[in-house]
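Novice: Starting off with a structure, shown below.
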Amino acid sequence: MKPARLPLLLSSGLLVALSAGAQVSPADAVNPLIGTAAEGQTFPAAGVPFAMTQWTPQTRDGETKCIAPYYVADTRLQGFRGSHFLSGSCTQDYGSVTLMPLLSSKVLDPQGRSSRLDHAREKSRAYEYSVDLDTGIHADVTGTERSGVMRFRFPDGAKGGFVAVQENHRLGVGTVRINAAKQEITGENPIFRIYAGSGKPTGNRGYFVVRFSRPFTVGGVWSGDSRKEGAQEQSGTKSAAGAYVSFDLAGSRDVVAQVGTSFTSLEAARRNLDEVPAGGFDAVVANAKAAWESALGQIQVGPTASASDRTIFYTALFHSMLLPRILSDRDGSYPRFAGNGKIEVAKGFTYYDDFSLWDTFRAVHPLLTVLQPKRERDMVQSLLVKGEQGGFLPIYPAWSSYTTEMVGDHADAVIADAYVKGIRNFDVQQAYRLMKKNATQGPETKELYLDGRGRRGLDSYLKYGYIPLEDHISDAFHPDEQVSRTLEYAYDDFLVGRMAQWTGHGAEAKQFFDRGQNFRKVIDPSVGYARGRHADGTWATPFDPNKAATWITEGLPSQYTFFVLQDMPALVDLLGGKPKFTARLDDLFKAGAYNHGNEPSHHLAYLYNFADQPAKTQFQVRQILRTLYQDSPGGLQGNDDAGQMSAWYVFSALGFYPVTPGTPRYELGVPLFDDATVRLPNGHRLHIVATGASKGMFKVRKVTLNGRVLGRTYLLHDELVAGGELRFELEATSNPQQK
């Protein structure tokens, strides 16, 4: 999605701290502050991979669209949040809760209670966040899959302390309660939709239960300027509701808070606290670190990699493993998709939500098919369940709802990619039926369509084979964008055809493969670019391939011309053959039209392979790796978009990339490291060797797989997961773009 533009303000001390360091374990190499400045929209999440709730310092209150909980440029810290913000996105947080330790209860609103944020006094790791507040309180934060644990160490001499607990609903309709008898603070934060159905309740709530390591005394509750001393319940009016309690610090300065979360009930939030291990805060940290070491350690980068490159790589891998999030409780309960508060139980799988599919079909899900196929299977199953419960496969499912956010129908890509790569323990006939339904029919009523079900512009697409400019797709968060929709639907149709073929529906497969050629109807052969088209067949004027157009999604016609993932050889021919195809790509890069900050460009550097120009792919990929990712808060050039920007880096640094999810092919680039080892779930290992890469060499002379010359510019999935040695022989070269 579009990058959010924010000010970048860094202290020199922070820069030094982020760039220094010797070789450490994968979990300790992660710098969660990467992406928290400028356009990345990430936040320093602490906890475990794919957690239901992620735990982060908060510098911005509320649950406002496009506002992450934390920005490194902010100077005040308001508390520590259990967040459901989609990392790297421009969406909303929802169902969240914030805790803040205090020495005084005089001021409780987020701005008034805030502490000066000194980056020299904070430490952010994948599994723990720590900071010293200007009150002298030291805070440590970590998490499990569904719960958070915070340790607040009050300063010497403090006889008492306070903890404020606030739900963060932007409309002020949440509730917080103090139960003195149970020594708990509980709350409910109703979830409201954005995009399709904007402003309407989902029927679900974020529930939380807070328990403390020592007895508390009731302080009171508040909402906005309204405060009730000694009261034990508060519902928000126009502002979020909060409660506060006090502690006698005699004998110990530590107060440990355990926060159970759930989207089904308070009782489920209590049960989810059972996953917090015995042994106190340090045991939770140890478990969280072990979880990240296991996940990140599946890829081992060799010893010649610089500390900075290791940090960028493992942080990218970390960001690739935050979403989709676990939504089911320990007992399998989860909110029914588009179910208005109904509860279902996942049997035999873990249920996931918050799929940023327009972004993550490209590299995040393909990465999980390699590293975590069991988890990816559960994600596919979750998509199928959503399709059954709501009637249609979702386009961009979030907060248990349809959204209509973005374009395309890329659940198809996730499902087909899993199947072609051997993840098949789901109902493939059900999958095909749902994919076919999305591609051939809309919902029965206008109300269901407005709620987000079905492809946008499908009637026009079926009538013309493209979406003409006269169809403005007004009932979508992204109106118009007809050419992008046509190109993406054609790719999706190709994948529906593959699933039809795999499930024995040969005649239907041919129909969908034919529809996969619809890209031809929006690429004007007279100019060689994707171009808006009217219902009468005439082309949009005026036309400039390097200027934004209403019929293109977050990109340029020159970029979207190359969204023919399903049949790149046909596109090469359509553009006049390999020399002209190469020249068209050269023109794009020379014109500065490549925009790595948004997804439509992500596959472009690899397309030179299809024109027998792999050296140009190698050069461009290395340039992107070296110039558009840094070990600093401003180290991402656009929204990370649920890990897609990061997953691109992981694949590309290893030397290959899945240009066409739903097929078993990875285009070869050039590794960033002299050597790296992928520890595959099947017990095999793929050792990737590229001697000289760390010294700046990027031109590939030859690629061998287990000693045999590969003789092509791609790797197949079966070859990857079989393991062995993938060796890139490098040689010195000049910039091939100058030749």
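Letter by letter, the sequence shown follows residues -22 to -1, 1 to 717 in mature numbering (1 follows the signal peptide of the UniProt record, and there is no 0). Glycine included, each C-beta is placed from N, C-alpha and C at the ideal position.
1) Tell me, please, which residues DSSP counts as bridged to Ile277.
2) When the Cα atoms are used, what is the spatial distance from Glu466 to Gly386?
3) Does at least one heavy atom of the ligand ZN sit under 8 Å from the Cβ of Met675?
4) Where does Lys677 land, buried or exposed, given buried means 16+ other C-beta within 10 angstroms?
5) Starting from Pro35, trace the alpha helix (DSSP H) in both directions and tell me its first and last residue.
6) If you check the beta carbons only, do residue 721 and Phe634 fall under 9 Å apart?
7) Once you ignore the five residues that flank Asp332 on each side, which residues in its own chain have a CB closer than 6 Å to its CB?
8) From Arg54, Pro27, Asp71, Gly66, pick the residue whose C-alpha is nearest to that of Glu41; which is it?
9) Give the range of the alpha helix (DSSP H) segment to which Leu361 is assigned.
10) Closer than 8 Å is the cut-off here; do at least three beta carbon pairs connect the segment 343 to 356 with the segment 138 to 148?
11) Is the number of C-beta pairs between the segment 490 to 497 and the segment 559 to 575 that are closer than 8 Å three or more?
12) Which residues in the same chain have their Cβ closer than 6 Å to the Cβ of Gly(-2), if we skip the five residues on either side of it in sequence?
13) If you follow the alpha helix (DSSP H) that His297 is part of, which residue opens it and which one closes it?
14) Quick one: residues in its chain with C-beta nearer than 6 Å to the C-beta of Lys211, no 5 flanking neighbours on either side, listed in chain order?
15) Which residue from Met384, Val406, Glu162, Ala620 puts its Cα closest to that of Arg433?
16) Hey, would you say Pro4 sits closer than 9 Å to Gln278, going by beta carbons?
17) Looking only at DSSP bridge pairs, what is Asn167 linked to?
18) How about Ala417 and Asp470: are their beta carbons less than 9 Å apart?
19) Within 10 angstroms of its Cβ, does Glu425 collect 16 or more other Cβ (buried), or is it exposed?
20) Quickly, what does DSSP pair Ser379 with across the bridge? List them, please.
21) Spatial neighbours of Ile393 within its chain, please: CB distance less than 6 Å, with the 5 preceding and 5 following residues excluded, ordered by chain position.
22) What residues in its chain sit with their C-beta under 6 Å from that of Pro88, if we drop five residues either side in the sequence?
23) Distance check for Ala671 and Arg562, CA to CA, integer angstroms please.
24) Compute the distance between the beta-carbons of Arg308 and Ala235, then report whether it is under 9 Å.
25) If you run the structure through DSSP and keep just helix, strand and coil, what is residue 718?
26) Please report the residue range of the beta strand (DSSP E) in which His665 lies.
27) I need the DSSP call for Glu17, collapsed to helix, strand or coil.
28) Buried or exposed for Arg103, please, with buried defined as at least 16 other CB atoms from any protein chain shown within 10 angstroms of its CB.
29) Val550 to Asn587, Cα distance in whole Å?
30) Can you find at least 3 beta carbon pairs, one from the segment 524 to 535 and one from the segment 613 to 624, that sit closer than 8 Å?
31) Smallest Cα separation from Asp390: which of Pro421, Gln460, Leu698, Val474?
32) Take Gly73 as the anchor and find which of Arg171, His147, Met413, His343 has the nearest alpha-carbon.
33) How close, in whole Å, do the beta carbons of Leu614 and Gly13 come, if the pair is a contact with beta carbons under 8 Å?
34) Under a Cβ-count criterion, where at least 16 other Cβ atoms within 10 Å of its own Cβ denotes burial, should Asn318 be classed as buried or exposed?
35) Ends of the alpha helix (DSSP H) at Glu486?
36) Using 10 angstroms around the beta-carbon of Val687, count the other beta-carbons present and answer buried if the total reaches 16, otherwise exposed.
Specialist: Inspection of the coordinates gives the following:
1) Val656
2) 5 Å
3) With respect to the ligand ZN, the structure offers nothing, as it holds no ligand at all.
4) buried
5) No alpha helix (DSSP H) holds Pro35; the beta strand (DSSP E) holding it covers 32 to 36.
6) In this structure the chain extends from -22 to 717, so residue 721 is not present and cannot be described.
7) Leu64, Leu301, Pro302, Arg303, Ala376
8) Measuring from the Cα of Glu41, the nearest candidate turns out to be Asp71.
9) 351 to 368
10) no
11) no
12) Reliability fails at Gly(-2), whose pLDDT of 41 lies under 50, so the model's placement of it is uncertain and the value that follows must be treated cautiously. So the list reads Ala285, once near-sequence residues are dropped.
13) First-last of the alpha helix (DSSP H) with His297: 285 to 297.
14) According to the sequence shown, residue 211 is Glu rather than Lys. Counting only Cβ-Cβ distances below 6 Å, and skipping sequence neighbours, we find Arg155.
15) Measuring from the Cα of Arg433, the nearest candidate turns out to be Met384.
16) yes
17) Gly184
18) yes
19) Around the CB of Glu425, fewer than 16 other CB atoms lie within 10 Å, so the residue is classed as exposed.
20) DSSP lists Ala376 as partners of Ser379.
21) Val358, Ala409
22) Closer than 6 Å at Cβ, skipping near neighbours: Asp39, Gln56.
23) 28 Å
24) no
25) This structure gives no information on residue 718, because the portion of the chain shown stretches from -22 to 717.
26) Annotation: the continuous beta strand (DSSP E) that includes His665 extends over 663 to 667.
27) coil
28) buried
29) 11 Å
30) Short answer: they don't touch.
31) When the alpha-carbon of Asp390 is set against those of Pro421, Gln460, Leu698, Val474, the nearest one is in Val474.
32) His147
33) 4 Å
34) exposed
35) 484 to 493
36) exposed
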